[in-house]
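**Student:** This is the structure, below, for whatever I ask next.
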Amino acid sequence: MTAKAGRPKQDDPNQESARQSLIDAAKICFSEKGFDNVSTRKIAKEANVDAAMIRYYFGSKAGLFEAVMQDTLAPVIAQFQQDLTPDAQLNPLRLMQTYYRMIAATPMLPKLILHVLGQKDNPQTFAILISVFDNILRCSESWIKAFEQQGHLNPNLNTDFIRLSFMSLMVFPLLAPEYVQKQLGVEIRERWLMGLAEHNQTLLEQGLFNFPNNQSDDNEEGGSL
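Okay, so the sequence shown: first residue is 69 according to this note's numbering, each after it adds one.
Laid out in structure tokens, this is it:
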């Protein structure tokens with residue numbers, strides 16, 4: 069039987085290349101224009117692939133969006149999984165570097181994600197992102213527990229707050245309004261982001277402030293009634 073027109077054969081060496089080209093093109097198009105403002109025809113044109121291949125590989129535009137999210141976040145998920153293997157030497161810096169390299173490659177991605185999560189006007193894309201981030205949050209919870217089990221967490225701190233603080237350090241600079249980013253000198257470039265990762269690592273290891281012991285004691289007494 070002859071293969072349908074436009075549909076690649078199973079042994080076609082260009083099949084995976086075409087699929088990845090669509091993902092790469094969609095990643096750029098979605099990041100620059102948002103999900104709703106990009107047609108499948110536009111994505112296919114940018115990928116130099118027949119538009120029918122989007123339905124073949126992904127089922128729909130929403131399916132392509134899901135593949136984009138999974139492909140983009142795959143390095144972060146892989147780093148979580150690597151850190152959670154038995155006898156892994158845990159190091160927050162590796163995860164931050166992996167995350168920031170991903171962002172440097174797709175600098176508009178955080179705001180695209182924020183837009184989709186905030187609008188909720190497209191239930192398909194919203195559900196896709198919720199599923200993806202539920203997975204990341206589960207990984208982060210297991211990751212923090214692994215640090216706790218290895219004795220790397222300050223026992224005086226709440227583990228839920230530790231996870232919140234760590235995620236905030238990583239994510240806030242990328243989601244802050246443009247005016248705030250400019251005032252704080254935020255640059256979505258790999259070199260700057262690697263410097264931020266190093267800073268965050270030092271901050272996590274050594275803390276931000278250094279108060280004399282007597283000042284800390286005075287604060288505790290002042291808070292007592």
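Where is the CB? At the ideal position from N, CA and C, for every residue including glycine.
Leaving out five residues before and five after Arg-231 in sequence, what residues of the same chain have Cβ atoms less than 8 Å from its Cβ?
**Tutor:** Ser-208, Glu-209, Ile-212
**Student:** Helix, strand or coil: which one does DSSP assign to Asn-268?
**Tutor:** helix
**Student:** Using only CA atoms, which one of Ala-142, Ala-214, Gln-165, Tyr-124 lies nearest to Ala-156?
**Tutor:** Ala-214
**Student:** If I'm right that Ile-256 touches Pro-143 with Cβ under 8 Å, what's the distance once you round it to whole angstroms?
**Tutor:** Between Pro-143 and Ile-256 the Cβ distance is about 17 Å, and since that is not below 8 Å, they are no contact.
**Student:** Tell me which residue opens and which closes the alpha helix (DSSP H) that Arg-206 is part of.
**Tutor:** Where Arg-206 is concerned, the enclosing alpha helix (DSSP H) stretches over 191 to 217.
**Student:** Straight-line CA distance for Leu-252 to Asn-222?
**Tutor:** 29 Å
**Student:** Alpha carbon to alpha carbon, how far is Leu-242 from Pro-178? Give it in angstroms, no decimals.
**Tutor:** 7 Å
**Student:** Distance, Cα to Cα, Asn-159 vs Asp-202?
**Tutor:** 22 Å
**Student:** Check whether the stretch 105 to 125 and the stretch 136 to 152 touch, using three or more Cβ-Cβ pairs below 8 Å as the test.
**Tutor:** Counting Cβ pairs under 8 Å, fewer than three are found: no touch.
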